[in-house]
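Terminal number for the sequence shown in the numbering used here: 82, no gaps in between. Input: a single structure, listed below in structure tokens.
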Amino acid sequence: MLYLPYVGMPNILAGEQLVPELLQDEATPASLAAALLALLRDTEAQKRQIARFHDFHHLLRRNAAERAAEAVLKVLDHGHA
2 MLYLPYVGMP NILAGEQLVP ELLQDEATPA SLAAALLALL RDTEAQKRQI
52 ARFHDFHHLL RRNAAERAAE AVLKVLDHGH A
């Protein structure tokens, strides 16, 4: 069995808790509001989170349409992927 310390993709990618993970009974309106208010009150945390999400965007952006077209052309040219 694989153990991951986090379940949210941002946290998995970051290797740390970047965003709160409020699961199941922890995901109450009060706890969600508290997490959001904490972020809204901490402009440095906002900047760090935005910067990390920007990094993730560049890390994960893989030009999917171009890669799919290349795979199709490869199959057409060679008969297999």
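For glycine and all other residues, C-beta sits at the position ideal for the given N, C-alpha and C.
Span separating the alpha-carbon of residue i from that of residue j
| i | j | result |
| --- | --- | --- |
| alanine 28 | valine 20 | 13 angstroms |
| arginine 42 | aspartate 78 | 57 angstroms |
| glutamate 45 | glutamate 22 | 20 angstroms |
| aspartate 26 | methionine 2 | 24 angstroms |
Residue i and residue j closer than 9 angstroms at C-beta
| i | j | result |
| --- | --- | --- |
| glutamine 47 | leucine 40 | yes |
| phenylalanine 57 | leucine 14 | yes |
Proximity test, residue i beta-carbon vs the ligand NAD heavy atom, cut-off 8 angstroms
| i | result |
| --- | --- |
| aspartate 26 | In terms of ligand content, the structure shown is empty, and the ligand NAD therefore cannot be addressed. |
Nonlocal neighbours in the same chain, by C-beta distance under 8 angstroms from residue i, ignoring five residues either side
| i | result |
| --- | --- |
| arginine 53 | Pro11, Ala15 and Leu19 |
Complete runs of the alpha helix (DSSP H) confined to the region 39-66 [at least 4 residues]: 44-61, all fully within the region 39-66.
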